[in-house]
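Protein chains: 2
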Amino acid sequence: MSSCLSFSLLATAGRARTGVLRTPHGDVPTPAFMPVGTYGTVKGITPPELRELGASAVLANTYHLWVRPGHREVEELGGLHSFMGWSGPILTDSGGFQVFSLSEYAKVTEQGVRFRAPLDGEYRKLTPELCVEVQEALGVDMAMAFDECIEWPADRDRVARSTERTTRWLQRCMAHRQRPERTALLGIVQGGFYDDLRIAHAQEIVELDLDAYAIGGISVGEPRDQMLAMAELTTPHLPVDKVRYLMGVGHPLDIVDAVTRGVDLFDCVLPTRNARFGQLYTSRGRLNIKNARFRVDPRGLDPDCTCYTCRSFSRAYLRHLFLSNEILAPRLLTLHNLSFYQRLMARLRDAVNSGEQELAALRIEAVRWMRPYED
Amino acid sequence: MSSCLSFSLLATAGRARTGVLRTPHGDVPTPAFMPVGTYGTVKGITPPELRELGASAVLANTYHLWVRPGHREVEELGGLHSFMGWSGPILTDSGGFQVFSLSEYAKVTEQGVRFRAPLDGEYRKLTPELCVEVQEALGVDMAMAFDECIEWPADRDRVARSTERTTRWLQRCMAHRQRPERTALLGIVQGGFYDDLRIAHAQEIVELDLDAYAIGGISVGEPRDQMLAMAELTTPHLPVDKVRYLMGVGHPLDIVDAVTRGVDLFDCVLPTRNARFGQLYTSRGRLNIKNARFRVDPRGLDPDCTCYTCRSFSRAYLRHLFLSNEILAPRLLTLHNLSFYQRLMARLRDAVNSGEQELAALRIEAVRWMRPYED
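Residue numbers (this note's numbering), protein chains in the order written: chain A, 1 to 375; chain B, 1 to 375.
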């Protein structure tokens, strides 16, 4: 089956790679970070602003859009791109994670998951087939297969059985596709944190020849080194000519470390969610805008940042907005954090193109970004 | 005393006027509507957006900025223009209204008002002198005198005594000015809803030769015709060559009706606050975005509007954002309502320049805008 997704490798530095992911709605230079727009909106930010700050693709959520406003409604309105006013590539989470984490009484059977939706208290059932149907109706460029998400830690037997079910669900997703020329399907490597299970699962689903592959089942509370170990373990078993997506990761340093392990694509709520809580990423470390030290600080958030927020407003003003619960605060702070992430991705692409030494130098900087802010 | 404010009359149509108000931070074509930015921010909107949608001046609040972040802090940061990133004219409310309406235990004496601030529970005292001091420290173009705000209805004796006190407070404000070359002082005509008291007060404070005059003590719950009657009664007693500001008014139709009675300058929370509650002004009437009829409506809010929101998003999407409590909703809806108001002001200026007939035709349209939305 010919794929609507293609990936061209440009350069490598060790296992790190740069490339271009081609989608029905345009190209994504990789490594790339997709801002999270769960409900079809990156909170507080317009599509032209996303474009301007350097995002080339965004992520939305199948589960949330299925519950509200409904995939048929979005389809009637011309699909998700038109609905949210974003003409670039869109990837949707399958919704599996949300079903497991948000809903009461989630009951998993071979058929799918029955659960009670928190929004309206109604019982609903999500199956691999419906999951594909919803994502194709949304008309997204990249659909994620419906997988079973399990907790960490989980015992080996439970992980093995769950991973087998994920493979069967993936096959049902594949069989149910109607519009492969418009919406690519990504398989998700599971296998928990058991090396042999993960490698076996990667090999098994690579055989199924999907459009691309994601590393799933991480960011579930495990230690950071476990997450990186799974990325390191998995990427050598994925095809070189397909894009590799590490789901839900992470801090800037996590992204640098995952890129050096051969990952191309990322999404994470951290830059947007942290911004709404007043936590900013800067070249001088992590800055809490609520801190009294910024009360009359006339400087922008980050002297090395050229985003609209940093060009236009002082820390004192941003602190004032935040403490006054003004909605301009999350808007401006989100814009900064997303700009910080996109600049990181651009620098990562440059570093990989330059070589391992530059990548190592960038990692040293990223370590500093994780520390508390220092003048 | 030479004033930092000047007003040039351009044209009249009956008692309606167009003109240009010159301030230290630029010109304001009148009639003009000032968006409300209480805490030094028009909720959700950036200064370049305000400029683009046609606002030439904004309003902020003395009381709120005095309590937080503090006028000395704002002064240290270069003044309110620099603090909030707005380089155009700023007018500040005196804060009298807030002290009376928001605080517990407000006690009025000849000296000023002692009250308990809701924000921190602290006892504070606002006097005419402090009110001027705060506004001059903020560095605003137009400061409002500290006046006593009384309830509606109030008996004649109470209104008469209060109006006399307002005059004494105004004189104290005038005596305390340090920077008349930078911050103009506007006197506020009180007198409640007693014709003779209001006329007498207008005449009395016009004698004091202030930079401009406001009609105050309205928008306190009185019927609409009472408000308009007070505007009609007062404007003939105000100087032709000074700008006239009707505080806190109002709906589009109120503004049209006040302009025909000789008012030049307006501010009101309605376009911004209504937007946050999902209530939109459109050329087809007032639209409630929560309404189920808009569930799959692909049209923009207002077919006659060219604002970013109307150019870019469907009613269905805006409804989805609103119901999902997404902060992009208040942002986009506020942008539309403010654009609607600014377009009204531009059309009012054109109509006054064209003559009374055009003004009457615009009023007929404005009557339609006040009705519930109709397809």
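Cβ atoms here follow ideal geometry from the backbone N, Cα and C, with glycine treated the same way.
Nothing here was measured: the structure is a model prediction, and the numbers come from that model.
**OP:** Could you list which residues in chain A have their beta carbon closer than 9 Å to that of residue 312 of chain B, in chain order?
**Re:** 46, 47, 48 and 85
Original post:
What are the start and end residues of the alpha helix (DSSP H) that includes residue 364 of chain A?
Top reply: 356-369
Original post:
Which runs of the alpha helix (DSSP H) fall wholly inside the segment 84-145 of chain A and span at least 4 residues, in chain order?
Top reply: 96-102 and 128-138
**OP:** Would you mind reading off the limits of the alpha helix (DSSP H) that contains residue 205 of chain B?
**Re:** 195-206
Original post:
residue 48 of chain B by DSSP, collapsed to three states: which one?
Top reply: helix
**OP:** Measuring only between beta-carbons, confirm whether residue 92 of chain B sits less than 8 Å from chain A.
**Re:** no
**OP:** Give the residues from the segment 283-308 of chain A that approach chain B closer than 7 Å (Cβ to any Cβ), ordered along the chain.
**Re:** 295, 296 and 298
**OP:** Following the continuous beta strand (DSSP E) through residue 267 of chain B, name the residue where it begins and the one where it ends.
**Re:** 265-267
Original post:
Quick one: does residue 59 of chain B have its CB under 8 Å from some CB of chain A?
Top reply: no
**OP:** Would you give the residue range spanned by the beta strand (DSSP E) that residue 29 of chain B belongs to?
**Re:** 26-30
Original post:
Going along chain A in order, which residues have a C-beta closer than 7 Å to the C-beta of residue 324 of chain B?
Top reply: 39 and 68
**OP:** Can you check the segment 221-296 of chain B for any beta strand (DSSP E) of at least 3 residues that lies completely inside it and give the ranges in chain order?
**Re:** 244-246, 265-267, 279-282 and 285-288
Subject >> C-alpha gap between residue 385 of chain B and residue 178 of chain B, whole angstroms >> reply: In the structure displayed, chain B extends from 1 to 375; residue 385 of chain B sits before or after that span and is not available.
**OP:** For chain E, find out if any of its Cβ atoms is closer than 8 Å to the Cβ of residue 63 of chain A; answer yes or no.
**Re:** Protein chains in the displayed structure are A and B, and chain E is not among them.
Original post:
Does the beta carbon of residue 43 of chain A sit closer than 8 Å to a beta carbon anywhere in chain B?
Top reply: yes
Subject >> Sequence-distant residues of the same chain with beta carbon closer than 7 Å to residue 226 of chain A, five excluded per side >> reply: 193
**OP:** Would you identify the three-state DSSP class for residue 328 of chain A, choosing helix, strand or coil?
**Re:** helix
**OP:** Run down chain B in chain order and give the residues with a C-beta less than 8 Å from the C-beta of residue 330 of chain A.
**Re:** 327
**OP:** Determine contact between the segment 13-26 of chain A and the segment 346-356 of chain A, defined as no fewer than three beta-carbon pairs at a distance below 8 Å.
**Re:** yes
**OP:** Thinking residue 89 of chain B and residue 142 of chain B are a contact (beta carbons under 8 Å), I'd like their distance in whole angstroms, please.
**Re:** 7 Å
**OP:** Please confirm if residue 71 of chain A has its CB atom under 8 Å from at least one CB of chain B.
**Re:** no
**OP:** Assess, as a yes-or-no matter, whether the segment 263-278 of chain A is touched by the segment 361-374 of chain A under the definition of 3 or more beta carbon pairs within less than 8 Å.
**Re:** no
Original post:
For chain A, is any of its Cβ atoms less than 8 Å away from the one on residue 316 of chain B?
Top reply: yes
Original post:
For residue 292 of chain B, does the count of other Cβ atoms within 10 angstroms reach 16, so buried, or fall short, so exposed?
Top reply: exposed
Original post:
Can you tell me where the alpha helix (DSSP H) with residue 63 of chain A in it begins and where it stops?
Top reply: 62-67
Subject >> With 16 other Cβ atoms within 10 Å as the buried cut-off, status of residue 242 of chain A >> reply: buried
**OP:** Please state if the CB of residue 370 of chain B and the CB of residue 253 of chain B are separated by a distance shorter than 8 Å.
**Re:** yes
Original post:
What first and last residue would you give for the beta strand (DSSP E) that runs through residue 313 of chain A?
Top reply: No beta strand (DSSP E) contains residue 313 of chain A, which DSSP labels as neither H nor E.
Original post:
Would you say residue 52 of chain B faces chain A, with C-beta separation under 8 Å as the test?
Top reply: no
Subject >> Closer than 8 Å to chain A by CB, residue 333 of chain B >> reply: no
**OP:** Could you tell me which residues DSSP pairs with residue 7 of chain A in its beta bridges?
**Re:** A:21
Subject >> Helix, strand or coil at residue 170 of chain B [DSSP, three-state] >> reply: helix
Original post:
Does the Cβ of residue 136 of chain B have 16 or more other Cβ atoms within 10 Å, making it buried, or fewer, making it exposed?
Top reply: buried
**OP:** Answer yes or no: the CB of residue 205 of chain B versus the heavy atoms of the ligand COA, is any distance below 7 Å?
**Re:** Within the structure as shown, the ligand COA is missing, as the structure has no ligands at all.
Subject >> Start-to-end residues for the beta strand (DSSP E) that takes in residue 42 of chain A >> reply: Careful: residue 42 of chain A lies outside any beta strand (DSSP E) and carries neither H nor E.
**OP:** Go through its chain and collect everything with a Cβ distance to residue 376 of chain A's Cβ below 6 Å, but skip five positions before and after it.
**Re:** Because residue 376 of chain A is not part of the residues shown, which for chain A are 1 to 375, the question remains open.
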